[in-house]
Every structure is written in C-alpha cells, then in structure tokens.
Amino acid sequence: MESCEQPLASMTFCEAVSCVWAKGETAVNSVLQAPSTASIGDWGLTLLVGLVLINLVIMLFRAAFPRRRFDEHVPTPRA
Numbered sequence: 001m002e003s004c005e006q007p008l009a010s011m012t013f014c015e016a017v018s019c020v021w022a023k024g025e026t027a028v029n030s031v032l033q034a035p036s037t038a039s040i041g042d043w044g045l046t047l048l049v050g051l052v053l054i055n056l057v058i059m060l061f062r063a064a065f066p067r068r069r070f071d072e073h074v075p076t077p078r079a
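In terms of UniProt numbering, the sequence shown has 27 at position 27, counting the first letter as 1, and numbering is strictly consecutive.
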C-alpha cells in the first residue's frame with residue numbers, strides 16, 4: 001500500500017487503478033460500518049459509487065428493454 005502514496009500520474013495504469021480501487025473500497029466500507037466517523041471524502045466517494053451503480057442499472061435496463069418507435073409516416077392497415 002506504500003506505493004499508493006505517490007501521485008497517480010507517476011504510476012502505471014494498472015497500479016493507479018489498483019490504488020483507486022483500494023481507496024474506494026476502504027471509503028465505502030468506512031461509511032457502511034461507521035457512518036458517524038467517516039470523513040467527508042469517504043462520503044463523497046461513496047455517493048459517487050452509488051451514482052455510478054444507479055447509472056449502470058439504468059443502462060442495463062435500457063439495453064434489455066429498448067423503446068419501441070413507430071414511423072408516423074407509414075400508414076397502418078385498418079380493418
């Protein structure tokens with residue numbers, strides 16, 4: 001975890017992703033286990049994670065159930 005103390009720009013992509021993931025996991029656990037002692041940064045990161053998850057669910061729902069659009073210029077057959 002010592003390597004996570006250096007700036008992200010000086011790390012390789014995989015190291016940076018690993019550090020960000022670890023910090024995010026720590027922040028979410030901190031908020032879930034002890035909300036009163038969590039820092040404002042932990043709350044902000046947890047809120048961001050929640051918004052990303054909500055967005056992901058919405059995207060998956062839209063992909064699974066696309067909207068049906070009808071062409072208004074094509075006449076429909078009448079009985």
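We treat Cβ as the ideally placed atom computed from N, Cα and C, and that holds for glycine. Please read these numbers as outputs of a predicted model, since none were measured by experiment.
Same chain, Cβ closer than 7 Å to residue i, neighbours up to 5 away in sequence not counted
i   : result
A16 : L8
T46 : A27, V28, V31
Integer-rounded CB distance, given that residue j should sit under 8 Å from residue i
i   : j   : result
V49 : V28 : 6 Å
N-terminal and C-terminal residue of the alpha helix (DSSP H) that residue i is part of
i   : result
E15 : 13-33
A63 : 40-64
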